[in-house]
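Chemist: The structure's right below; bear with me while I get my questions together.
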Amino acid sequence: MVAHSLSPISKDLRVEHDSVIKLGDEEIRVIHTPGHTKDSVCYLIPKGVFTGDTLFVGECGRVDLPGGSAREMYYSLFHKLSKLPDDTVVYPGHHYGETPTSTIGREKSTNYVLKPRSLEQFLEFMRT
1 MVAHSLSPIS KDLRVEHDSV IKLGDEEIRV IHTPGHTKDS VCYLIPKGVF
51 TGDTLFVGEC GRVDLPGGSA REMYYSLFHK LSKLPDDTVV YPGHHYGETP
101 TSTIGREKST NYVLKPRSLE QFLEFMRT
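In structure tokens, the structure reads:
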């Protein structure tokens, strides 16, 4: 089991933001993306990112769970995931959207959660 160091679960491999996991000849980079939970992470591979419950096609993860934070979700979405190349394929943890996968560029242009807004506007948006 791989989990962020903040995770309360038992884990075989403890990771932090920017940790690199070797899988054969490939490298997987860990992106700490708190918001859904304090220990949420995404896994960046060449040309793709496994976003778990942080970013879905057309939506983002809930922030009303224990350890969730709209403020942290804002930084995870707008300062981490949105900074990835537009052609990065998004592999979400659940298939809630119209397609099972997307790209960062498509999500930035079509996902209403990623509409450009200030932190204050995002916090208000997440309260409604």
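In full-length UniProt numbering, the protein residues as written are 1 to 128.
Where is the CB? At the ideal position from N, CA and C, for every residue including glycine.
1) For S102, write down the residues that DSSP places opposite it in a beta bridge.
2) Pull up the DSSP beta-bridge partners for I31, would you.
3) Using the C-alpha atoms, what's the distance from G24 back to P34?
4) How many angstroms separate the CA atom of E26 from the CA atom of L13?
5) Per DSSP, which one or two residues make a beta bridge with I21?
6) State the Cα-Cα distance for the pair G58 and G97, rounded to the nearest angstrom.
7) Taking contact to mean 3 or more Cβ pairs, one atom from each stretch, closer than 8 Å, check whether the stretch 103-110 and the stretch 62-75 are in contact.
8) Would C42 and L81 be called neighbours here (beta carbons separated by less than 9 Å)?
9) Secondary structure at H4, three-state DSSP: helix, strand or coil?
10) Please list, in chain order, all residues of the same chain as H94 whose beta carbon is under 8 Å from its beta carbon, the five residues on each side excluded.
11) What did DSSP end up calling E107 once you bin it into helix, strand or coil?
Modeler: According to the structure shown:
1) V90
2) C42
3) 28 Å
4) 17 Å
5) I28
6) 6 Å
7) Under the Cβ criterion (8 Å, minimum of three pairs), the stretch 103-110 does not count as touching the stretch 62-75.
8) A contact, by the Cβ cut-off of 9 Å.
9) strand
10) Counting only Cβ-Cβ distances below 8 Å, and skipping sequence neighbours, we find D53, F56.
11) helix
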